[in-house]
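S.K.:
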Ligand SMILES: Nc1ncnc2c1ncn2[C@@H]1O[C@H](COP(=O)(O)OP(=O)(O)OP(=O)(O)O)[C@@H](O)[C@H]1O
Ligand SMILES: [Mg+2]
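In the working numbering, the protein residues as written are 3 to 307.
1) Return the Cβ separation of residue 230 and residue 278 in integer angstroms, given the expectation that the two are a contact with Cβ distance under 8 Å.
2) Kindly indicate which three-state DSSP category residue 185 falls into: helix, strand or coil?
3) Whose CA, out of 154, 138, 100, lies closest to the CA of residue 83?
4) Of the choices 86, 215, 187, whose alpha-carbon is the least far from that of residue 30?
5) Got a sec: does ligand 2 put a non-hydrogen atom nearer than 6 Å to the Cβ of residue 46?
6) Should the region 136-152 be called in touch with the region 68-79, which here means at least 3 C-beta pairs below 8 Å?
7) Residues in its own chain within less than 8 Å of residue 12 by CB, not counting five upstream and five downstream?
8) In chain order, what residues of the same chain have a beta carbon less than 6 Å from the beta carbon of residue 306, not counting five sequence neighbours either side?
9) Who are the near neighbours of residue 235 in its chain, counting only those whose CB is closer than 7 Å to its CB and skipping five residues on each side?
10) Using only the heavy atoms of ligand 1, determine whether one of them is closer than 6 Å to the beta carbon of residue 194.
11) Just to confirm, are residue 192 and residue 46 a CB contact at a threshold of 7 Å?
12) Taking the alpha carbon of residue 247 as the point to measure from, which residue in 256, 233, 268 has its own alpha carbon closest?
13) Out of 69, 50, 39, which one is the CA nearest neighbour of residue 5?
14) Among 123, 101, 212, which residue has its Cα nearest to the Cα of residue 175?
15) My output table needs one value for residue 79: the three-state DSSP class, helix, strand or coil.
16) Please state the DSSP three-state secondary structure of residue 116.
17) Can the beta-carbon of residue 190 be found closer than 7 Å to that of residue 36?
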């Protein structure tokens, strides 16, 4: 069982009569990449701000590595590195001088070797002597990550870090996040981009109008996607009544095209049943549900917990 690095328990934030977020609970394990997925205004930044103490929670508890942030804020926050808004740098100074400046302000002393290792990790070694004003957006984002990593945090928090990056910049960023997680750093990342979350995270929470509606794990998602098949048969009606015997989770008929969702173990039975009743199986394909589809069913399908 992996250690829990971050735990939120029933976190709510109200300003006046307005509820920004309500009863948010989730946890992030060691080495896990956890996503907050939701549209603009859903409450992602509010949740992140309440974790790092940038806003006061109205109710709820936050623990970082088991430390209650209300009991020992400094002790808890030392394990977090965060980029909340776009990181600010001195544009006319080199990347290295910027990092050294931040390192001086850090609670922990950062040796030159550690600094070099962090720069290597974010793949900026080649450009670290250049002025930040010459950096691309992607390079600035990576410099921001380097800054957040200076005090070797257990948890890295990134609020919409890939905003404005081109596909290559996004891919590089994904690789960086994966490497960090692989080496044991936990990452909490927010995004309104479904595809981004799908590619980066192990698990993610869907945030909608201030509420956490679901927590999904990527492996569950791919697993459930593998259980849905699209069939084209010679007699749709007859095939449907036969296949109903298998008690599928879902069976949709559209003429001679069927969509069936069922336990993977039952798949060989489909062909057997059809052949036995002399129904031709003209086509059978795995239906790969995208996260987008899943997101829409979860948020609009009325299935709100
Ligand atoms: N200080 C504030 N006072 C009143 N309302 C606020 C305040 N800060 C945020 N809100 C509101 O709270 C809601 C959630 O905002 P938040 O910034 O957390 O959303 P978000 O999910 O980060 O959105 P985005 O994807 O646009 O960054 C929004 O409706 C926003 O208008
Ligand atoms: Mg935000």
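We put the CB at the ideal spot given by N, CA and C, even for glycine.
M.R.: Judging by the given coordinates:
1) Wrong, their Cβ atoms sit about 23 Å apart, outside the cutoff.
2) coil
3) 154
4) 187
5) yes
6) no
7) 25, 26, 27, 61, 62, 63
8) Interpretation of residue 306 is limited by its pLDDT of 38, a score under 50 that renders its predicted location unreliable; the figure taken from the coordinates is listed afterwards. Excluding positions up to five away in sequence, the list reads 215.
9) 241, 258, 260, 276, 281, 282, 283, 284
10) yes
11) yes
12) 268
13) 69
14) 123
15) helix
16) helix
17) yes
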